[in-house]
Each structure stands twice: as C-alpha cells, then as structure tokens.
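Per the working numbering, the very first residue in the sequence shown carries number 1; after that it's consecutive. Glycine included, each C-beta is placed from N, C-alpha and C at the ideal position. First up is the structure itself, then whatever we jot down about it.
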Amino acid sequence: MSGGDIAGLIAAGVFAVLVALLAVPVWKLGKVFDEMRGAIRTLSEETTPLIDEVTTTVSTTNLQLQKVDGISSNVSDASANLSALSSLVAATVGSPLIKVSAFSYGVRSAIASRRSSGRGRRSR
1 MSGGDIAGLI AAGVFAVLVA LLAVPVWKLG KVFDEMRGAI RTLSEETTPL
51 IDEVTTTVST TNLQLQKVDG ISSNVSDASA NLSALSSLVA ATVGSPLIKV
101 SAFSYGVRSA IASRRSSGRG RRSR
C-alpha cells in the first residue's frame, strides 16, 4: 500500500463518519416532518366538521335575525300608529277640554266675584 492509498482510506473513513454524524439529525428531522404531517392531518379532520357546524349556526342565526327584524319593523309601525292616534285624541279631545276648563274657571271667577261684592253690600 502506498501513501496515496492510505490517505484515500483515511479520507473514506472520515467521510463515512461525517455521513453517519449527519444522518442522525436528518433522520430526526424526518421524524419531525412525519409528526407534523400527522398533526396537520388530525387538525384538518377535526376542523372540517367544526367549519360545517359554524356555517350551520351562522345560517340559523341569520334566519332568526331576519325574524327579529320583521318583528321590530312591525313594532315600529305600531308605535307610529299609536303616536298618530294619541295626537288625534289630543287634538280631538284636548281642545274642547281646554275650552270647558277655561269656561268653568270663568264661571267660578264670576261667582266668586259676585259673592265677594255681595258680602260687601250686606256689611254696609
């Protein structure tokens, strides 16, 4: 064996040790990728039904909100009708009541002034 053969043999041995040292991290990295693939698969399998449930819930909520919107618009119409009715009653009944009240006040004032002037005449 010559010196070149021995140097080649040493280089081959060093290269084999280097490959062995690098193979361990690469093999561990492969296991990490396998675990990640499994985790992603599990996540995907669990997420799909969850998304379906959320979609169903949102659809049901939208239907309920449409019903509530209809109810609130009907309540708004009813309150507008009640407001118009109260304005009509106030205009119809309020004005004559004010007139009757003013008339009765005038009558009371007149009677009170007659009584006070009648008392003054009796005392003279």
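For Met36, three-class secondary structure by DSSP
Along the sequence shown, read from residue 1 onward, the residue named residue 36 stands at position 36. Three-state DSSP puts Met36 in a helix.
C-alpha gap between Gly3 and Phe33, whole angstroms:
Position 3 of the sequence shown, counting from 1, holds the residue named residue 3. Position 33 of the sequence shown, counting from 1, holds the residue named residue 33. Near 45 Å, if we compare the C-alpha coordinates of Phe33 and Gly3.
Would you kindly work out how many angstroms separate the C-alpha atoms of Leu63 and Asp69, rounded to a whole number?
Counting from one through the sequence shown, the residue named residue 63 turns up at place 63. Counting from one through the sequence shown, the residue named residue 69 turns up at place 69. So the alpha carbons of these two residues sit roughly 10 Å apart.
Go ahead and pull the three-state DSSP assignment for Ser2.
Counting from 1 along the sequence shown, the entry for residue 2 is found at position 2. Here Ser2 sits in coil by DSSP.
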